[in-house]
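K.L.:
I have a structure I would like to understand better, so I am pasting it below and will then ask my questions one at a time.
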Amino acid sequence: MKSIALMLILLLLRFRNGQGIYLESPVSGDKVCVGTETGLAKLGSSSYHYKKMYRQFEDCTYVFGNLEITHLKAGQDASFLSNIRVVTGYVLLFGNEMDIPLTSLVFVRGDMTYEGYTIVIAMSPNVYLPALTEIGGSVKLFMPNCFLDSIHWQYISRGKVVRALGLEKPADKCDQCSDACAAQGHCWGPEQDMCQSVPMVQCDVACQNSTCYKEDMLGCCHPQCVGGCTDGWINSACHYCRHFYYKGRCIEDCPDGTYYIGGDCIDLN
24 MKSIALMLIL
34 LLLRFRNGQG
44 IYLESPVSGD
54 KVCVGTETGL
64 AKLGSSSYHY
74 KKMYRQFEDC
84 TYVFGNLEIT
94 HLKAGQDASF
104 LSNIRVVTGY
114 VLLFGNEMDI
124 PLTSLVFVRG
134 DMTYEGYTIV
144 IAMSPNVYLP
154 ALTEIGGSVK
164 LFMPNCFLDS
174 IHWQYISRGK
184 VVRALGLEKP
194 ADKCDQCSDA
204 CAAQGHCWGP
214 EQDMCQSVPM
224 VQCDVACQNS
234 TCYKEDMLGC
244 CHPQCVGGCT
254 DGWINSACHY
264 CRHFYYKGRC
274 IEDCPDGTYY
284 IGGDCIDLN
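For the sequence shown, this note's numbering assigns the number 24 to the initial residue and increments by one for each residue that follows.
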């Protein structure tokens with residue numbers, strides 16, 4: 024009932040002022056917007072398609088659904104994407120002629136998938152995801168650039184990683200990561216703030232969510248944690264929550280007497 028009520032609110036507010044921000048959490052301040060399900064389609068002219076995406080995701084930090092960024096042209100401003108932290112569905116990046124700065128994106132949960140994949144990147148030359156710590160499913164890359172190919176996807180993906188059609192150019196022609204990334208050698212771009220930020224820790228087999236802060240059984244994070252933790256097996260020590268946050272803890276479902284906005288459970292009274 025809570026989720027049905029929330030969706031009714033979202034739908035009622037969806038077209039207000041033609042904007043994509045529907046609800047703001049009083050707990051975290053997350054601005055929740057509803058995602059899209061248009062796939063590879065281009066909606067009208069390039070200008071109209073861009074404006075529709077801009078209004079959908081401007082100022083958004085939490086996408087309830089899918090993030091589909093397609094057919095962006097050179098010279099269009101994509102900075103409106105830089106605040107998005109969480110996507111509950113899938114991410115589809117296709118046919119873009121410009122950089123895609125998803126620089127705050129931490130978690131793609133994958134409640135919905137695109138042809139079985141949680142992230143699909145195709146014909147998009149530069150994609151910046153330096154904060155990304157977990158992908159809830161599989162990844163498909165079409166002709167990835169050198170930087171995407173350098174990423175340690177197995178540390179952040181819970182599914183398979185498929186590279187289709189090979190690299191966009193020969194490996195010996197690839198640009199190098201910044202010296203700041205030299206310790207790990209994995210980066211999303213050439214700048215020093217584009218290093219892959221995931222700690223390269225081999226988690227114990229006992230870790231239920233493959234997330235840990237040190238390499239033994241006691242170092243396993245709680246199953247509701249995303250992106251690591253500061254103490255083992257405790258749902259109040261998570262860096263981010265897999266589902267919901269309530270009174271200092273990460274939980275799977277909001278309790279009775281609450282409703283949710285984005286990833287926050289909020290008391291009705």
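All C-beta atoms, glycine included, are put in the ideal place defined by N, C-alpha and C.
Classify Cys169 as helix, strand or coil using the three-state DSSP reduction.
P.N.:
Translated into the one-based positions of the sequence shown, residue 169 becomes position 146. DSSP places Cys169 in helix when its eight states are reduced to three.
K.L.:
Which word fits Glu120, buried or exposed, when buried means at least 16 other C-beta atoms lie within 10 angstroms of its C-beta?
P.N.:
As a position in the sequence shown, residue 120 is number 97, starting the count at 1. The Cβ neighbour count for Glu120, taken over all protein chains shown within 10 Å, is under 16; the residue is labelled exposed.
K.L.:
Apart from the five residues on each side of it in sequence, which residues of its chain come closer than 8 angstroms, Cβ to Cβ, to Lys183?
P.N.:
Translated into positions along the sequence shown, residue 183 becomes position 160. Hits under 8 angstroms: Ser161 and Val162.
K.L.:
Taking only runs of the beta strand (DSSP E) that begin and end inside the segment 57-81, which ones reach a length of at least 3 residues, in chain order?
P.N.:
none
K.L.:
Determine the contact status of Gly250 and Tyr236, defining contact as a CB-CB distance below 8 angstroms.
P.N.:
Numbered from its first residue, the sequence shown carries residue 250 at position 227. Numbered from its first residue, the sequence shown carries residue 236 at position 213. Between Gly250 and Tyr236, the C-beta spacing is not below 8 angstroms.
K.L.:
Excluding the 5 residues preceding and the 5 following Met146 in the sequence, name in chain order all residues of the same chain whose CB lies nearer than 8 angstroms to its CB.
P.N.:
Locating residue 146 in the sequence shown gives position 123, where the first residue counts as 1. Around Met146, the same chain offers Phe117, Gly118, Asn119, Phe165 and Met166 as residues with beta carbons nearer than 8 angstroms, after the five sequence neighbours per side are excluded.
K.L.:
Opposite Val281 in the DSSP bridges: which residues?
P.N.:
Position 258 of the sequence shown, counted from the start, is the residue given in the question as residue 281. This sequence places Thr at residue 281; Val is not what is there. In the DSSP output, where bridge partners are listed per residue, Thr281 has Asp290.
K.L.:
Under the DSSP definition of a beta bridge, which residues are partnered with Thr93?
P.N.:
On the sequence shown, position 70 is the one that residue 93 refers to. BP columns for Thr93 point to Phe117.
K.L.:
Tyr268 by DSSP, collapsed to three states: which one?
P.N.:
Residue 268 sits at position 245 when you count from the first residue of the sequence shown. Here Tyr268 sits in strand by DSSP.
K.L.:
Alpha carbon to alpha carbon, what distance is there between Ile107 and Met217?
P.N.:
The sequence position of residue 217 within the sequence shown is 194, counting from 1. The sequence position of residue 107 within the sequence shown is 84, counting from 1. For Met217 and Ile107, the distance between alpha carbons rounds to 17 angstroms.
K.L.:
Where does Tyr178 fall in DSSP's three states?
P.N.:
Mapped onto the sequence shown, residue 178 falls at position 155. Look at Tyr178 here: in three-state DSSP terms it is helix.
K.L.:
Which residues does DSSP list as the beta-bridge partners of Tyr45?
P.N.:
The residue given as residue 45 occupies position 22 in the sequence shown. For Tyr45, which the question treats as bridged, DSSP gives no partner whatsoever.
K.L.:
Which runs of the beta strand (DSSP E) spanning at least 3 residues fall entirely within the segment 105-150, listed in chain order?
P.N.:
114-117 and 142-145
K.L.:
Provide the residue span of the beta strand (DSSP E) that contains Val221, from first to last.
P.N.:
Indexing the sequence shown from 1 puts residue 221 at position 198. From DSSP, Val221 is part of no beta strand (DSSP E); its letter is neither H nor E.
K.L.:
Distance, Cα to Cα, Gly159 vs Val109?
P.N.:
Here residue 159 is taken as the residue at index 136 of the sequence shown, counted from 1. Here residue 109 is taken as the residue at index 86 of the sequence shown, counted from 1. Roughly 11 angstroms between the two C-alpha positions.
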